[in-house]
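Number of protein chains: 2
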Amino acid sequence: MRLATVITEAGSTAAALDEDGIWRRLPAPDLSALMAAGPIRLDDLTDPLLGAVPVQPLPSPGKVVCCGLNYGDHIFEMGRELPAYPTLFTKYADTLIGPGEPIELPAGLKVDWEAELAVVVGTALWRAGRDVAAAAIAGYTVANDVSVRDWQNRTSEWFQGKAWDRSTPIGPVIVTPDEVDVAAGVEVICRVNGEEVQRGSTRTLVFDPADLLAYISTFTILRPGDVVLTGTPGGVGAGRKPPRYLVDGDVVETEIPGIGTLRNAVAFHAGPAHQ
Amino acid sequence: MRLATVITEAGSTAAALDEDGIWRRLPAPDLSALMAAGPIRLDDLTDPLLGAVPVQPLPSPGKVVCCGLNYGDHIFEMGRELPAYPTLFTKYADTLIGPGEPIELPAGLKVDWEAELAVVVGTALWRAGRDVAAAAIAGYTVANDVSVRDWQNRTSEWFQGKAWDRSTPIGPVIVTPDEVDVAAGVEVICRVNGEEVQRGSTRTLVFDPADLLAYISTFTILRPGDVVLTGTPGGVGAGRKPPRYLVDGDVVETEIPGIGTLRNAVAFHAGPAHQ
Numbered sequence: 001m002r003l004a005t006v007i008t009e010a011g012s013t014a015a016a017l018d019e020d021g022i023w024r025r026l027p028a029p030d031l032s033a034l035m036a037a038g039p040i041r042l043d044d045l046t047d048p049l050l051g052a053v054p055v056q057p058l059p060s061p062g063k064v065v066c067c068g069l070n071y072g073d074h075i076f077e078m079g080r081e082l083p084a085y086p087t088l089f090t091k092y093a094d095t096l097i098g099p100g101e102p103i104e105l106p107a108g109l110k111v112d113w114e115a116e117l118a119v120v121v122g123t124a125l126w127r128a129g130r131d132v133a134a135a136a137i138a139g140y141t142v143a144n145d146v147s148v149r150d151w152q153n154r155t156s157e158w159f160q161g162k163a164w165d166r167s168t169p170i171g172p173v174i175v176t177p178d179e180v181d182v183a184a185g186v187e188v189i190c191r192v193n194g195e196e197v198q199r200g201s202t203r204t205l206v207f208d209p210a211d212l213l214a215y216i217s218t219f220t221i222l223r224p225g226d227v228v229l230t231g232t233p234g235g236v237g238a239g240r241k242p243p244r245y246l247v248d249g250d251v252v253e254t255e256i257p258g259i260g261t262l263r264n265a266v267a268f269h270a271g272p273a274h275q
Numbered sequence: 001m002r003l004a005t006v007i008t009e010a011g012s013t014a015a016a017l018d019e020d021g022i023w024r025r026l027p028a029p030d031l032s033a034l035m036a037a038g039p040i041r042l043d044d045l046t047d048p049l050l051g052a053v054p055v056q057p058l059p060s061p062g063k064v065v066c067c068g069l070n071y072g073d074h075i076f077e078m079g080r081e082l083p084a085y086p087t088l089f090t091k092y093a094d095t096l097i098g099p100g101e102p103i104e105l106p107a108g109l110k111v112d113w114e115a116e117l118a119v120v121v122g123t124a125l126w127r128a129g130r131d132v133a134a135a136a137i138a139g140y141t142v143a144n145d146v147s148v149r150d151w152q153n154r155t156s157e158w159f160q161g162k163a164w165d166r167s168t169p170i171g172p173v174i175v176t177p178d179e180v181d182v183a184a185g186v187e188v189i190c191r192v193n194g195e196e197v198q199r200g201s202t203r204t205l206v207f208d209p210a211d212l213l214a215y216i217s218t219f220t221i222l223r224p225g226d227v228v229l230t231g232t233p234g235g236v237g238a239g240r241k242p243p244r245y246l247v248d249g250d251v252v253e254t255e256i257p258g259i260g261t262l263r264n265a266v267a268f269h270a271g272p273a274h275q
């Protein structure tokens, strides 16, 4: 099943794609509101929605936690060793944008791509083990953990390079776990202006989605609609010799076959990245 | 002026202390709700509140950003050099507790104290300079960035040692900027079981509150009620030889003269800190 927040002429609504490939309304203005209100009931499917277009699926997650260094090939390209624990940092709801929206950043930054599988929490998790965490996954979506490398590397803490407002594409849809076999492997792909720059498989994740949710829930509660980004495979621009960064007008495509593709253009502006 | 969220027999309310030392009701159930609704108008002061007790002042900040390594003496005790940029990481609203509440953590962790001045944002800030940021400060309060050192040091990213639910005391009141001269220096003090373990002055901050708000607003919007913790002075347990960590039943007092004192007991429990 595919879930989305869609816009129609009548406004925004949560929606699910039925067997005939038609989006049908779910009873909330978006998936964040729907998931906050309780378990998703697919017998709530009502009106067909004509001309529905998926937008950023989760406008108001309370927590967006990201895992770095979670694919062997990316770990080695960044010059690090396989980790004993997940490396975690955070973004905000403000960081996220939807399919087709521009990646808006001030000019002059070293901006890099990081295609990722994102996990959406379906039920609250607090000090959960792996099995409980696995059962709490509402679905998977695509994300690009776009990173401002110069700010990321100003200090030991990556947050200031990872949480630029309106820089992280996510979506276009959330696919329920019955349709996504992360252990067998789904491919995580990034293209820049049509050129493939990353391709990895989730079967090489060091910490899988259930591991990550259980680990995070050891110290902080996860609630329905919270999002965990699972890390990026090899092929980032900073790992190249010489490094390659995004320039104004570049088109970043982030794809997970079986889930969908995000297409976002880089839109640098003249506003201050002073400090 | 002192602002607080207080409880009375009638429930929770935002409140301000009048010239006679009496708490008076402000029109919202807490300071987070009051600040989200617009500028604080002190002509809104109404009923006197008898038996009012300050609790956690800001139950729902959208962003809690923390600065590490911001006092010279703490930087040197952690074996680091004076930084060119602030080191930033995050907590959640879930991380915060109020005056008198226990610091609840699983047994077996290396738990340390970090007394800090906290800044509360009063008006939205987006790509602000220093002067605009300074004018946007609603007030100051006391916080203790209680840190789980073993988890903080598992990876390069401190977040997982800093964001344990119900571990960071904050409050008891927010004092408006006209009463707190951070540049001249207010003292930031921590005591454990009555023994003073930290005492620093904000006049030695590397990055002052206006610097921090302006810097953060370069990449993410700050909204009324958001909180920035400004870092801790020297004297943390991890900086001692041998290191000293908190044990069950320890009473942590965090004081900034002119603002107030937090008193929180450590309550370790048997729940899992597995993983």
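Note that the protein sequences, when read in sequence, are chains A and B. Using UniProt numbering, the letters of the first sequence correspond one by one to residues 1 to 275. Using UniProt numbering, the letters of the second sequence correspond one by one to residues 1 to 275. For each residue, glycine too, the CB sits at the ideal point set by N, CA and C. Predicted model, so just to flag it, every value in this text is computed and none were measured.
Taking 7 Å as the cut-off, the beta carbon of L105(A) is found closer than this to the beta carbon of S167(A). S201(B) is bridged by DSSP to E187(B). Look at P209(B) here: in three-state DSSP terms it is helix. Those residues of the stretch 47-66 of chain B placed with their C-beta closer than 9 Å to a C-beta in chain A are G62, K63, V65, ordered along the chain. A distance below 7 Å between beta-carbons, with the five flanking residues on each side excluded, links R25(B) to the following residues of its chain, in chain order: T13, A15, T46, D47, L49. Between A118(B) and T141(B) the beta-carbon gap is near 5 Å, inside 8 Å, which marks them as a contact.
For R25(A), there is no enclosing alpha helix (DSSP H); the enclosing beta strand (DSSP E) covers residues 23-26. Cβ atoms of G161(A) and S32(A) stay farther apart than 8 Å, at about 25 Å. Using a Cβ-Cβ cut-off of 7 Å, L88(A) counts as an interface residue toward chain B, since at least one Cβ of chain B sits closer than that to its own.
The stretch 180-190 of chain A makes no contact with the stretch 122-133 of chain B; the number of CB pairs closer than 8 Å stays below 3.
Looking at the backbone, the Cα of T202(B) and that of V182(B) are separated by about 6 Å. Annotation for G72(B): the continuous alpha helix (DSSP H) segment containing it runs 72-77. In this structure, DSSP gives E195(A) an extended state, which the three-state scheme calls strand. When the Cα atoms are used, S147(B) and P102(A) turn out to be separated by approximately 38 Å.
Taking a Cβ-Cβ cut-off of 9 Å, the neighbours of D165(A) in chain B comprise W126, F219, T220, I221, given in sequence order.
Annotation for F89(A): no alpha helix (DSSP H) segment contains it, though the beta strand (DSSP E) segment containing it runs 87-91. Inter-segment contact for the stretch 50-57 of chain A and the stretch 166-180 of chain A is present: three or more beta-carbon pairs are separated by less than 8 Å. In the displayed model, I103(B) falls within a strand according to three-state DSSP.
Cβ atoms of R2(A) and L17(A) come within 8 Å of each other, at about 4 Å. Taking 8 Å as the upper bound on Cβ-Cβ separation, chain A lies near residues V148, W151, R154, T155, S156, E157, W158, F159, Q160, A163, W164 of the stretch 146-164 of chain B. The Cβ atoms of D208(A) and R149(A) lie no closer than 7 Å to each other. Straight through space, the alpha carbons of I259(A) and P99(B) are spaced by roughly 47 Å.
Listed by position along chain B, the residues whose Cβ is nearer than 8 Å to that of G271(A) are R127. The Cβ-Cβ distance between P59(A) and D94(A) does not fall below 7 Å. Between I221(B) and V65(B), the C-beta gap is not smaller than 7 Å, which leaves the two residues out of contact.
P172(B) sits in a strand when the DSSP states are folded into three classes. Taking a Cβ-Cβ threshold of 9 Å, the residues of chain B close to Y85(A) are W151, R154, T155, Q160, Q275, in chain order. Put simply, the CB of D94(B) is near chain A, with a gap under 7 Å to one of its CB atoms.
Judged by their CB atoms, R263(B) and E255(B) are not nearer to each other than the 7 Å cut-off.
C67(B) has its alpha-carbon roughly 5 Å from the corresponding atom of L88(B).
Here M78(B) is exposed: its Cβ has fewer than 16 other Cβ atoms, across all protein chains shown, within 10 Å.
Here A163(B) is buried: its Cβ has 16 or more other Cβ atoms, across all protein chains shown, within 10 Å.
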